[in-house]
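Just so you know, numbering that gives the first Met the number 0 puts 58 at position 59 of the sequence shown, and the rest follows in order with no gaps. Structure record follows, encoded as structure tokens.
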Amino acid sequence: MYFTFSLKDTIFSGGLFYIQSEYSLCYSPFCRVVDVDVMCGAYTCLDTICESGEVVHVSGYSPKNSWIKKKMTFPDALRGRLFVHFDKPPMKGTGISYNRTWSTFHDAEQQCICIGDYQTNESDDCVEFANNIIAVLRGGDLIAIWAKIKEVETAKAIEG
Numbered sequence: 000m001y002f003t004f005s006l007k008d009t010i011f012s013g014g015l016f017y018i019q020s021e022y023s024l025c026y027s028p029f030c031r032v033v034d035v036d037v038m039c040g041a042y043t044c045l046d047t048i049c050e051s052g053e054v055v056h057v058s059g060y061s062p063k064n065s066w067i068k069k070k071m072t073f074p075d076a077l078r079g080r081l082f083v084h085f086d087k088p089p090m091k092g093t094g095i096s097y098n099r100t101w102s103t104f105h106d107a108e109q110q111c112i113c114i115g116d117y118q119t120n121e122s123d124d125c126v127e128f129a130n131n132i133i134a135v136l137r138g139g140d141l142i143a144i145w146a147k148i149k150e151v152e153t154a155k156a157i158e159g
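Shown next as structure tokens:
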């Protein structure tokens, strides 16, 4: 499995929420055509459209008490589209492991998380593929997902 991107100046809507009562990340509005999850970290998913391989946002179970507190600098990024290329075609409705050992780092002051390697290089490609969600690619490897999050107590707070 490897990742690519294409640059596209676009206007994103929505955002990533951390629902405290569910210990989960939820992007709203959720893209209804997502049918494959690429697992990064313990249970965090890159929500992907099976036919095109386009990654549209992030979601998943992510208990805050497992996050590592870290002062970080949110990377600059260009806007675009993120694609995953599977070694073999996935079945719709499946979850596919990419790197389940990644840790999640949290900077409360910046209201951001980083799943994976928080140290970026000048040669890394940083692409914002959803509102305030950045993929960091090194070659064809995804090395991190960065996201600005808004914490809410329950999912009802998102619906309103």
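We treat Cβ as the ideally placed atom computed from N, Cα and C, and that holds for glycine.
Exposed or buried, what is residue i when buried is set at 16 or more other beta-carbons lying within 10 Å of its beta-carbon?
| i | result |
| --- | --- |
| P89 | buried |
| M46 | The question names Met, yet the displayed sequence has Asp at residue 46. Under this definition D46 is a buried residue. |
| Y26 | buried |
| L6 | exposed |
| I67 | exposed |
| F11 | exposed |
| H84 | exposed |
| V55 | buried |
| A107 | exposed |
| Y117 | buried |
| D75 | exposed |
| T72 | exposed |
| C9 | One detail in the question is off: residue 9 reads as Thr in this sequence, not Cys. Under this definition T9 is an exposed residue. |
| S96 | exposed |
| D29 | In the sequence as displayed, the identity of residue 29 is Phe instead of Asp. With fewer than 16 Cβ atoms within 10 Å of its Cβ, F29 is classed as exposed. |
| T119 | buried |
| D36 | buried |
| G59 | buried |
Tell me whether residue i sits in a helix, a strand or coil according to DSSP, three-state version.
| i | result |
| --- | --- |
| E21 | helix |
| I148 | strand |
| L27 | Sequence inspection shows Ser at residue 27; the Leu mentioned does not correspond to that position. Strand, per DSSP. |
| K68 | strand |
| A76 | coil |
| A156 | helix |
What separation, rounded to the nearest whole angstrom, lies between the Cα atoms of residue i and residue j?
| i | j | result |
| --- | --- | --- |
| I132 | V126 | 8 Å |
| E150 | S122 | 32 Å |
| D34 | C44 | 11 Å |
| A134 | E152 | 27 Å |
| L15 | C113 | 13 Å |
| S51 | N130 | 20 Å |
| C111 | I148 | 6 Å |
| I157 | A146 | 17 Å |
| A143 | V32 | 24 Å |
Could you tell me which whole alpha helix (DSSP H) segments of length 4 or greater appear in the stretch 96-133? none
Contact between the stretch 35-44 and the stretch 96-109 (3+ Cβ pairs under 8 Å): yes
Flag this pair as touching only if the stretch 14-25 and the stretch 76-83 have three or more C-beta atom pairs under 8 Å; answer yes or no. no
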